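Position 52, counted from 1, in the sequence shown is what UniProt numbering calls 52; the numbers after and before it change by one each time, with no gaps.
The beta carbon of each residue, even a glycine, is placed where N, CA and C say it ideally should be.
Remember, it's a predicted structure, so these values are computed and weren't measured experimentally.
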Amino acid sequence: MIAILSKKGGVGKTLLSMGLAQSLTDSGKKTVVIDHDPEGSAIGWSFNAQENGRSLPYSVLAPVDVVAAAAAEFVVVDTPPNDIATLQQVATRADYIVIPVLPGSGEVDRLQETVKAIAAVQEKLKAGVHVGFVLNRMEHNNLAAAMPEVLESLNYPVVAQVARSVEYQRAFGGVIPAHLTEPFTNILKEMEIL
Ligand SMILES: Nc1ncnc2c1ncn2[C@@H]1O[C@H](COP(=O)(O)OP(=O)(O)O)[C@@H](O)[C@H]1O
Ligand SMILES: [Mg+2]
């Protein structure tokens with residue numbers, strides 16, 4: 001199970017959930033996304049795709065759809081913002097935890113809340129769980145603003161970068177264009193998920 005976690009909204013949890021599910025499916029792995037966000041943006045994405053007659057190659061399920069999830073090889077869990085209880089509950093069931101981060105010093109401060117929430121349930125995490133940061137909405141000149149050295153001090157590696165692109169925004173409700181899926185494949189490689 002791959003958990004996409006951040007206390008903060010708007011950092012790319014839903015984009016990463018859908019991107020990872022798409023890359024896993026492309027690699028022949030039967031994958032589902034569980035949408036734990038009551039705002040349901042992953043379910044909204046999938047619903048839009050259906051409405052547009054372009055169904056996604058993987059299913060997006062509500063948390064109650066446990067039977068369908070049990071048949072999958074990989075479950076990607078998208079989570080809500082500002083919900084520490086859900087964040088911690090999902091973290092303790094995860095084999096992999098992916099934390100999206102935006103560049104900027106204020107962002108790193110907020111990230112501490114997510115890292116602390118995970119640290120607070122450290123002894124309940126699965127043995128051997130892999131945790132990594134993904135820098136999202138990167139532009140060629142803002143790596144410094146993402147402060148890789150600060151991230152390193154938080155104990156988890158940066159496993160991939162996702163560029164800022166309006167095409168990611170437009171991908172809502174459809175399949176992510178193939179030329180933009182490399183970051184998600186990199187996450188799978190770097191975290192030894194595949
Ligand atoms: N790399 C990116 N480039 C451009 N837009 C992005 C990128 N990542 C996310 N977005 C946009 O930012 C908004 C928030 O992303 P989303 O994945 O919904 O975040 P979260 O699930 O953490 O709230 C969405 O409109 C999404 O399309
Ligand atoms: Mg979301």
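Item	Value
Unbroken stretches of the beta strand (DSSP E), 3 residues or longer, contained in the segment 80-113	96-101
A145 CB to nearest heavy atom of ligand 1 below 7 Å	no
Own chain partners of D37 with C-beta closer than 7 Å, once the 5 adjacent residues on each side are dropped	D78, T79 and P80
Helix, strand or coil at L194 [DSSP, three-state]	coil
Per DSSP, the bridge partner or partners of G174	Note: G174 sits in no beta bridge, so no partner.
Beta bridge counterpart(s) of F133 as assigned by DSSP	I99 and V158
Cβ distance (whole Å) where I176 is taken to contact Y96 below 8 Å	So it is not a contact: roughly 20 Å between Cβ atoms.
Contacts around V90, its chain only, beta-carbon distance under 6 Å, and the 5 residues preceding and following it disregarded	A3, V77 and T79
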